[in-house]
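Heads up, the thing below is written out as structure tokens.
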Amino acid sequence: MTKSSQSNGKRTATARRSSGDKPVSVMDAKGKSGRSNDPGLDKDELLLLYRVMVMTRMMEERALNLQRQSRIGFYVPCTGQEASHVGTAFALRDSDWVFPAYRQPGIMLLRGAPTQQIVDEWYGNEGDLCKGRQMPVHNSFRAINFVSISSPIATQLTQATGAGIAAKYRGEDTVVMTYMGDGGTSENDFHAGLNFAGVFNAPVVFVCENNHWAISVPLERQTASETIAIKAEAYGMPGVRVDGNDVLAVYQVAKEAVQRARQGKGPTLIETVTYRVGPHSSSDDPTRYREDSEVEAWRKRDPIERFKAYLKTKRIWTQDLEDEMRAEIKTEINDAVKQAETKANPSPASMFDDVYRDMTSQLAEQRDELLSSGQLGPDEEGAFPL
Amino acid sequence: MAVMTLLDAVNDGLKTEMAHDDRVVVFGEDVGKNGGVFRATAGLQDEFGEARCFDTPLSECGIIGTAIGMALYGLRPVPEIQFLDFIYPAFDQIVSEAAKMRYRSGGEYTCPMVIRSPYGGGIRGGHYHSQSSEAYFCHTPGLKVVIPSTPADAKGLLTSAIRDEDPVMFLEPKKIYRTMKAEVPAGEHVVPLSKGRIVREGSDCTVVAWGAMVEVCEKAANELANRGKSIEIVDPRTLVPLDENIILESVKKTGRLCTVYEAPKTGGFGSEIIAIVAAKAIEYLEGPITRVTGFDTPFPYTLEGIYMPTVQRVVKGVEKTFSW
Amino acid sequence: MGIYEFRMPDIGEGVAEGEIVSWKVAVGDEVIEDQDFVEVMTDKATVTITMPCDGVIKDLKFAEGDVVPVETVIAVIDQVGEASSGHEAKTAVAAASAGSATAVTVAGTGTAAPPAPARAAPSEARARPGRVLAAPATRRRAREQGVDLSLVPGSGPSGRVTNEDLAAYIEGGTPTAAPAVPVAAQAQTREPVVVPQPAVPGSEERVPFRGVRKKIAEAMTRSKFTATHFSVVEDVDVTELVKLRKEIKETYAEEGTRITFMPFFMKAVVAGLREFPSLNATLDESSEEIVLKHYYNLGIATDTDNGLIVPVVRDVDRKSIVQLARELNDLAARTREGKVNPEELKGGTFTITNAGAIGGLFATPIINFPEVAILGVHKIEKTPRVVGGEIRIRDVMYLSVSIDHRIVDGADGVRFLNVLKSCLEDPKRLLVEI
Numbered sequence: 013m014t015k016s017s018q019s020n021g022k023r024t025a026t027a028r029r030s031s032g033d034k035p036v037s038v039m040d041a042k043g044k045s046g047r048s049n050d051p052g053l054d055k056d057e058l059l060l061l062y063r064v065m066v067m068t069r070m071m072e073e074r075a076l077n078l079q080r081q082s083r084i085g086f087y088v089p090c091t092g093q094e095a096s097h098v099g100t101a102f103a104l105r106d107s108d109w110v111f112p113a114y115r116q117p118g119i120m121l122l123r124g125a126p127t128q129q130i131v132d133e134w135y136g137n138e139g140d141l142c143k144g145r146q147m148p149v150h151n152s153f154r155a156i157n158f159v160s161i162s163s164p165i166a167t168q169l170t171q172a173t174g175a176g177i178a179a180k181y182r183g184e185d186t187v188v189m190t191y192m193g194d195g196g197t198s199e200n201d202f203h204a205g206l207n208f209a210g211v212f213n214a215p216v217v218f219v220c221e222n223n224h225w226a227i228s229v230p231l232e233r234q235t236a237s238e239t240i241a242i243k244a245e246a247y248g249m250p251g252v253r254v255d256g257n258d259v260l261a262v263y264q265v266a267k268e269a270v271q272r273a274r275q276g277k278g279p280t281l282i283e284t285v286t287y288r289v290g291p292h293s294s295s296d297d298p299t300r301y302r303e304d305s306e307v308e309a310w311r312k313r314d315p316i317e318r319f320k321a322y323l324k325t326k327r328i329w330t331q332d333l334e335d336e337m338r339a340e341i342k343t344e345i346n347d348a349v350k351q352a353e354t355k356a357n358p359s360p361a362s363m364f365d366d367v368y369r370d371m372t373s374q375l376a377e378q379r380d381e382l383l384s385s386g387q388l389g390p391d392e393e394g395a396f397p398l
Numbered sequence: 013m014a015v016m017t018l019l020d021a022v023n024d025g026l027k028t029e030m031a032h033d034d035r036v037v038v039f040g041e042d043v044g045k046n047g048g049v050f051r052a053t054a055g056l057q058d059e060f061g062e063a064r065c066f067d068t069p070l071s072e073c074g075i076i077g078t079a080i081g082m083a084l085y086g087l088r089p090v091p092e093i094q095f096l097d098f099i100y101p102a103f104d105q106i107v108s109e110a111a112k113m114r115y116r117s118g119g120e121y122t123c124p125m126v127i128r129s130p131y132g133g134g135i136r137g138g139h140y141h142s143q144s145s146e147a148y149f150c151h152t153p154g155l156k157v158v159i160p161s162t163p164a165d166a167k168g169l170l171t172s173a174i175r176d177e178d179p180v181m182f183l184e185p186k187k188i189y190r191t192m193k194a195e196v197p198a199g200e201h202v203v204p205l206s207k208g209r210i211v212r213e214g215s216d217c218t219v220v221a222w223g224a225m226v227e228v229c230e231k232a233a234n235e236l237a238n239r240g241k242s243i244e245i246v247d248p249r250t251l252v253p254l255d256e257n258i259i260l261e262s263v264k265k266t267g268r269l270c271t272v273y274e275a276p277k278t279g280g281f282g283s284e285i286i287a288i289v290a291a292k293a294i295e296y297l298e299g300p301i302t303r304v305t306g307f308d309t310p311f312p313y314t315l316e317g318i319y320m321p322t323v324q325r326v327v328k329g330v331e332k333t334f335s336w
Numbered sequence: 099m100g101i102y103e104f105r106m107p108d109i110g111e112g113v114a115e116g117e118i119v120s121w122k123v124a125v126g127d128e129v130i131e132d133q134d135f136v137e138v139m140t141d142k143a144t145v146t147i148t149m150p151c152d153g154v155i156k157d158l159k160f161a162e163g164d165v166v167p168v169e170t171v172i173a174v175i176d177q178v179g180e181a182s183s184g185h186e187a188k189t190a191v192a193a194a195s196a197g198s199a200t201a202v203t204v205a206g207t208g209t210a211a212p213p214a215p216a217r218a219a220p221s222e223a224r225a226r227p228g229r230v231l232a233a234p235a236t237r238r239r240a241r242e243q244g245v246d247l248s249l250v251p252g253s254g255p256s257g258r259v260t261n262e263d264l265a266a267y268i269e270g271g272t273p274t275a276a277p278a279v280p281v282a283a284q285a286q287t288r289e290p291v292v293v294p295q296p297a298v299p300g301s302e303e304r305v306p307f308r309g310v311r312k313k314i315a316e317a318m319t320r321s322k323f324t325a326t327h328f329s330v331v332e333d334v335d336v337t338e339l340v341k342l343r344k345e346i347k348e349t350y351a352e353e354g355t356r357i358t359f360m361p362f363f364m365k366a367v368v369a370g371l372r373e374f375p376s377l378n379a380t381l382d383e384s385s386e387e388i389v390l391k392h393y394y395n396l397g398i399a400t401d402t403d404n405g406l407i408v409p410v411v412r413d414v415d416r417k418s419i420v421q422l423a424r425e426l427n428d429l430a431a432r433t434r435e436g437k438v439n440p441e442e443l444k445g446g447t448f449t450i451t452n453a454g455a456i457g458g459l460f461a462t463p464i465i466n467f468p469e470v471a472i473l474g475v476h477k478i479e480k481t482p483r484v485v486g487g488e489i490r491i492r493d494v495m496y497l498s499v500s501i502d503h504r505i506v507d508g509a510d511g512v513r514f515l516n517v518l519k520s521c522l523e524d525p526k527r528l529l530v531e532i
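Chains as they are written, first to last, in our numbering: chain A, 13 to 398; chain B, 13 to 336; chain C, 99 to 532.
Here is the structure:
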């Protein structure tokens with residue numbers, strides 16, 4: 013068995029992580045970038061990144077509140093991981109594809125998904141693109157090549173590889189970026205996805221957001237490997253370890269990986285070293301199994317604050333800019349929530365659509381039976397415990 | 013005797029059996045330190061140590077495959093799959109290996125293990141936290157499928173499942189984990205497998221249901237009693253191997269049958285029960301057989317309340333058996 | 099010692115034939131088990147088959163290069179040593195070498211033909227047109243009661259026979275509906291007749307004695323053993339009646355109504371019963387009273403494909419001949435379709451039975467117990483009769499009446515028939531008196 017937990021019964025996840033190369037960074041802890049690996053983004057790009065990260069954080073805070081107020085049923089926060097996914101996705105073109113896990117909400121904002129539709133999905137109302145079929149945060153946006161999210165872990169990895177193979181088959185230079193957590197690296201699909209990508213030289217960038225926790229299971233229980241990045245070697249692709257809370261570093265690393273893929277040089281595994289500051293979901297209470305001190309240490313390394321400091325050094329950030337931006341975002345979110353709450357549930361008949369392309373006689377019969385029964389209300393409702 | 017929830021009864025069952033038999037080991041995602049996302053395994057690691065109750069990497073296939081190996085070697089593993097919806101990476105191990113191990117080895121290798129998993133809808137879990145997929149496992153020879161509907165049965169059946177020499181799918185109806193409270197005998201409590209239970213005696217129609225649907229049927233039976241119909245409810249408790257007799261005797265008495273299951277209609281296990289009755293007791297039927305089921309769509313999030321069989325739908329389903 | 103016939107093996111995977119590539123043995127060779135025997139090529143592979151037994155090659159039936167269908171005998175071996183025991187069927191040939199090494203099995207060829215299935219007992223009655231609808235439990239009850247469901251009128255949707263229909267049929271819908279009055283003891287105290295198996299098998303056929311046949315048997319027995327039957331027969335010159343009917347037949351044929359002789363007979367019966375009411379009665383054995391009925395519900399015994407039923411025409415005295423004709427037409431149609439209601443089989447006071455169309459001069463009908471009398475009407479034939487001192491060809495028929503002598507004496511029986519005779523010989527009387 014592995015190392016037992018601390019004397020107070022709670023665990024830390026990073027106790028063993030000491031050796032191995034230091035992950036790539038651009039900014040130091042205080043946001044200063046004196047390194048030659050600054051990706052050199054222009055002002056608009058930097059502000060866009062900043063805005064998306066801030067909005068991700070603000071949406072999450074609102075959503076968690078709504079959940080606690082029982083106005084939505086569930087939410088998956090990504091506190092502390094905003095840079096990790098937004099920064100990597102920033103390296104993509106609009107025509108590239110994203111196969112997310114379920115903790116990358118900032119990518120939707122980055123690629124232009126309408127806020128209203130994101131919020132409608134939380135409510136599962138008739139405005140939801142997914143027609144109220146999935147739990148909150150399980151978004152899908154075909155228009156921005158953001159592939160439908162499911163709950164099972166790592167299933168997106170093999171699919172991403174398949175999409176990459178298809179792009180190659182078509183002779184297109186599409187790059188596919190896909191995400192997982194440290195927990196995802198234990199699933200079958202991690203092995204199969206990376207193995208196939210290696211064998212078929214697929215243009216896929218695998219981003220493992222190592223946030224050190226899979227609900228209550230710490231990293232050391234997830235793998236005996238030194239790092240996650242070194243697993244890449246087993247599949248014949250390069251593995252890069254990057255400071256996940258450094259948005260410029262993750263961008264830089266992702267940019268290189270995307271370029272490799274686009275040039276036909278194959279897949280890359282990126283490990284972003286970050287931390288899940290918040291709970292796994294609105295149904296989780298991490299104080300039961302985690303050291304508060306560990307969480308606090310990471311909270312101090314907040315990626316948004318760090319980037320803000322960087323923007324300050326570049327004289328891009330001002331308090332006015334911050335206030336104005338936050339005010340705008342707040343209004344946008346509030347409007348979307350208000351709107352969402354005026355919308356009705358999807359119709360009972362809609363439940364029977366999209367099972368297949370064509371309605372079957374059985375489904376039509378079941379639909380008609382339900383509609384004519386007049387029993388269109390539930391007996392009672394339960395609450396999701398996770 | 014103590015009054016406890018179905019969830020606590022599971023916990024009590026595990027605790028009692030782990031104390032009784034040191035071959036029993038419990039593992040899965042978040043079951044050790046955290047006591048399980050539903051708290052079904054709370055306290056087990058503290059009481060029995062990490063060697064007997066521990067967390068695993070995030071891999072259902074790994075969990076079940078290793079469990080099989082442990083069972084072959086002589087332990088009694090009780091792995092947990094966090095939600096039945098997540099069991100599919102392990103489906104190969106369950107169907108190809110655990111289910112066939114005894115048969116293919118001429119009885120030399122056996123696989124005594126219990127796969128515990130919360131199943132079913134009613135907690136606003138959408139497609140991937142609500143599936144009632146017992147039919148896949150009922151359709152696999154070599155597996156036993158057990159579904160409790162009360163706290164006492166949860167503890168008693170779990171004990172029997174752990175003591176059983178064959179692999180058992182122990183599916184826990186999460187909808188009533190915390191809402192179903194009743195008396196549970198303390199200490200060792202055994203409820204045999206393959207024995208159904210008459211939930212409620214009646215004379216006019218037999219309703220067969222399991223898991224969270226039993227409660228729904230009880231409410232429907234009350235409603236129907238007001239309308240002058242006496243409903244007998246049978247909970248098979250073990251779907252495979254099924255206690256056919258209890259169902260057949262009931263139908264012979266009442267002359268009518270309605271099965272209720274929350275799973276999608278087509279291929280649901282209630283259909284198998286209907287087939288058995290049609291084969292063995294058709295001459296006792298006074299009217300048509302009906303079933304009240306989920307629909308042939310993925311389990312929806314917002315519309316969950318109309319997807320799952322409601323009291324009114326069950327009432328209607330039963331009344332149809334009188335339509336002649 | 100025995101002969102082993104070796105057949106082209108079916109090596110599976112859908113192979114239907116094989117080519118003999120080369121024989122490894124020759125006729126006359128002494129061979130031992132497992133030595134190389136023959137090389138065979140199929141779509142899937144070329145395999146070398148080894149000897150299945152020890153012996154001497156007696157015959158090789160095909161040459162190298164021949165393509166032979168699976169299961170054809172290709173070699174005959176004289177086995178030595180222990181006798182073979184049905185060897186040619188189901189002998190597994192040792193696994194082949196080369197190619198796909200699938201085990202080769204010779205499928206059994208000598209299995210005995212399965213025994214011919216026992217002849218199903220003939221169904222108890224011919225089904226009426228279309229399937230009978232009934233709940234499974236209703237069918238079971240019908241079977242247990244020996245009732246042919248196809249005879250039971252159904253009042254449920256689409257003519258479904260309900261449990262109530264069945265119960266009603268069993269209680270009162272049969273041709274011999276029993277009243278609530280307990281019946282006098284029947285002569286059921288004898289030993290049952292047992293028929294042993296015939297000396298020559300197949301010379302006898304056993305037909306199940308149940309359903310309507312059995313019900314009729316019970317009813318007839320009850321009638322004959324209770325009512326003390328006597329019969330009287332009379333002949334009737336119906337020449338005038340025949341003429342009358344002929345005249346009016348056409349008129350009513352246009353509207354689709356068939357005028358038979360029956361309405362006339364029924365009216366004549368009413369005339370007779372008015373004069374002799376004791377023939378329109380029932381003996382109430384519990385109160386020891388003869389119940390004379392002042393209404394006239396005549397049962398018309400009808401032979402159908404499914405057996406005898408007696409639908410009742412009510413209040414015959416109040417209906418005209420045409421009305422009666424219409425009612426009879428309707429009854430006949432519905433009887434053919436099996437759509438007679440149980441109600442229509444009840445409540446008769448007197449029964450008429452008509453086998454005239456088929457044949458027979460006269461008969462001694464059995465009373466439709468617990469009625470008191472039954473009239474048989476028979477065929478009308480051209481017959482020479484003395485009329486006005488001369489021989490004329492007249493239409494003549496017989497009437498036969500059976501009467502319960504406990505209630506009615508012979509003289510009244512004869513007088514009753516006289517009334518009928520005079521009505522039918524002079525149909526004007528029907529107009530004037532009825």
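Idealized CB from N, CA, C, for every residue including glycine.
- [ ] Within 10 angstroms of the Cβ of methionine 147/A, are there 16 or more other Cβ atoms? Answer buried if so, exposed if not.
- [x] Mapped onto the first sequence, residue 147/A falls at position 135. Under this definition methionine 147/A is a buried residue.
Task: Cutoff 6 Å; reference lysine 241/B; Cβ partners in own chain excluding five residues on either side - done: Position 229 of the second sequence holds residue 241/B. Same-chain partners within the cutoff: Asp216.
Open item on the list: At a cut-off of 6 Å, would you count asparagine 207/A as near the ligand NAP, judging by its Cβ distance to the nearest heavy atom?
Closed with: The ligand NAP is not part of this structure, which contains no ligands at all.
- [ ] Look at the alpha carbon of threonine 218/B and the alpha carbon of proline 358/A, and state the distance between them as a whole number of angstroms.
- [x] One-based indexing of the second sequence puts residue 218/B at position 206. One-based indexing of the first sequence puts residue 358/A at position 346. Their backbone Cα atoms lie some 35 Å apart in a straight line.
- [ ] Could you check the C-alpha separation between isoleucine 372/C and cysteine 521/C for me, to the nearest Å?
- [x] For the purposes of this step, residue 372/C is identified with residue 274 of the third sequence, where counting begins at 1. For the purposes of this step, residue 521/C is identified with residue 423 of the third sequence, where counting begins at 1. At residue 372/C the sequence reads arginine, which differs from the isoleucine that was named. So the two alpha carbons sit approximately 13 Å from each other.
Task: Length of the line joining the Cα atoms of arginine 434/C and aspartate 403/C - done: Position 336 of the third sequence, counting from 1, holds the residue named residue 434/C. Position 305 of the third sequence, counting from 1, holds the residue named residue 403/C. Taking the straight line from one Cα to the other gives about 8 Å.
Task: Counterpart residues of tryptophan 134/A in DSSP-defined beta bridges - done: By one-based count along the first sequence, residue 134/A stands at place 122. In the DSSP output, where bridge partners are listed per residue, tryptophan 134/A has none listed.
TODO: Taking 8 Å as the threshold, find out whether the segment 273-286 of chain B comes into contact with the segment 341-359 of chain A through three or more Cβ pairs.
DONE: no
Open item on the list: Under 8 Å, with one C-beta from each stretch per pair, do the segment 145-152 of chain B and the segment 187-195 of chain B reach the 3-pair mark?
Closed with: no
Open item on the list: For glutamate 316/B, count the other beta carbons within 10 Å of its own beta carbon; 16 or more makes it buried, fewer makes it exposed. Which is it?
Closed with: Indexing the second sequence from 1 puts residue 316/B at position 304. Flag for glutamate 316/B reads buried.
Open item on the list: If you reduce the DSSP assignment to three classes, tell me which class asparagine 222/A lands in.
Closed with: Looking up residue 222/A in the first sequence gives position 210. It is a strand residue.
Task: Complete alpha helix (DSSP H) runs within the segment 93-167 of chain A (minimum length 4 residues, chain order) - done: 94-101, 117-122, 127-135
Open item on the list: Which residue marks the beginning of the beta strand (DSSP E) containing isoleucine 472/C, and which one marks its end?
Closed with: The sequence position of residue 472/C within the third sequence is 374, counting from 1. Unbroken beta strand (DSSP E) run through isoleucine 472/C: 471-475.
TODO: Report all residues from its chain with a CB closer than 6 Å to the CB of proline 179/B; omit the five preceding and five following residues, and keep chain order.
DONE: Sequence index remark: in the second sequence, residue 179/B carries index 167 (1-based). These residues qualify, in order along the chain: Ala110, Cys123, Met125, Leu155.
Task: Those residues which DSSP pairs with arginine 303/B across a bridge - done: Residue mapping note: residue 303/B aligns to position 291 of the second sequence, counting from 1. BP columns for arginine 303/B point to Thr271/B.
Task: tyrosine 313/B: contacting residues in chain A (beta-carbon distance under 7 Å) - done: In the second sequence, residue 313/B corresponds to position 301, counting from 1. Going along chain A in sequence order, the residues near tyrosine 313/B (Cβ under 7 Å) are Gly136, Gly144, Arg145, Gln146, Met147.
- [ ] State buried or exposed for valine 485/C, treating a residue as buried only when at least 16 other CB atoms are found within 10 Å of its CB.
- [x] Position 387 of the third sequence holds residue 485/C. Exposed, by the Cβ-count rule.
Open item on the list: Would asparagine 207/A and alanine 95/A be called neighbours here (beta carbons separated by less than 7 Å)?
Closed with: By one-based count along the first sequence, residue 207/A stands at place 195. By one-based count along the first sequence, residue 95/A stands at place 83. Not closer than 7 Å, so no.
Task: Per DSSP, the bridge partner or partners of asparagine 452/C - done: Sequence index remark: in the third sequence, residue 452/C carries index 354 (1-based). Partner(s): Val475/C.
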